[in-house]
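Each remark here refers to the structure printed beneath this line.
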Amino acid sequence: QAEENLRSAVNRYRGKFICVVEGAVATNYGGAYGKIGGRTFLEIANDVCRKAAAVICLGTCSSYGGLQAAAPNPGGYKGIGAALKIKTVNIPGCPPNPVNLVGTIVNYLLLGKLPALDKVGRPLFAYGKSIHDQCPRRSHYENDEFVESFGSEEARMGYCLFKMGCKGPETYNNCPVAKFNDGTSFPIEAGHPCIGCSEPDFWDKMSPFFVQSE
């Protein structure tokens, strides 16, 4: 019944709906690493996404492939845009912030167009600045005040986490502003270095996560 409802809705509202996708798509071996109702993820995505007015990828997996795309990536996992060779609006993050999704959809509903995007398909209103430039610990970075071990006095004082592997200078997202859980906190504020989860290929390019960047 669910599969029939999907097919019916996609055909009835062809070109008039926004498709929000979660999860990466396996492309090797005919997409056999992922199936629903006997159809591969690749087949379903190709059918549904090409009939949408706009495709929004929610999370780093649907945006850029996610952890399952880490080398050597035997399943050939890719984000929707790369797998289908279509334009997508990417809302990466692991997890993504719902504020950024809602903002993107409201922009489309009110203005009739998608928001301005950066070179990797992210809305500039949310991903236009680095974590580092918005970080509440930035003043400690400028003053050479760093945490060098978890649980230390420097950690308790909220010093900069750069030497603990924080990828904030290389990561673009609005985490310090939007935060999570209704504005409660975000990783750096909670004492954990940013791991760059909204960047393409962060699983390979940003690791090891707890080692200072060059």
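Just so we're aligned: the sequence shown equals residues 810 to 1023 in this note's numbering. Note that CB positions come from ideal geometry on N, CA and C, so glycine has one too. Fair warning: this is a prediction, and the values are worked out from it, not measured in the lab.
Ends of the alpha helix (DSSP H) at residue i?
i	result
A878	A878 -> no alpha helix (DSSP H), and no H or E assigned at all.
Q810	Per DSSP, Q810 belongs to no alpha helix (DSSP H) and is neither H nor E.
I940	I940 to Q943
L919	P907 to L920
Looking at residue i: is its Cβ nearer than 8 Å to the Cβ of residue j?
i	j	result
L926	A892	no
K972	E957	yes
V857	V819	yes
N906	C866	no
N990	Y936	no
T897	G930	yes
R854	I827	Correcting the residue type first, residue 854 is Ala in the shown sequence and not Arg. No. Outside cutoff.
E812	G839	no
K976	S948	no
E998	T980	no
P901	C944	no
Alpha carbons only, please: which of the options is nearest the one belonging to residue i?
i	options	result
I1004	L876, K825 and E813	L876
A841	G884, S1016 and P1017	G884
F1011	A879, A854, Y950 and K922	A879
L933	N916, C975 and I889	N916
P978	V829, A964 and Y950	Y950
G868	E963, S994 and L910	L910
R946	D1013, P1002, Q1021 and R821	P1002
E962	G1000, S948 and G888	G1000
P996	K825, C903 and C870	C903
R859	R848, G888 and R823	R823
Look up residue i in the DSSP assignment and say whether it is helix, strand or coil.
i	result
T897	coil
S871	helix
F989	strand
I1004	coil
C858	helix
I889	helix
A835	strand
A964	helix
C866	strand
Can you tell me where the beta strand (DSSP E) holding residue i begins and where it ends?
i	result
C828	I827 to V830
inquiry  = With a threshold of 8 Å, are at least 3 pairs of Cβ atoms found where one atom belongs to the segment 863-880 and the other to the segment 826-842?
reply    = yes
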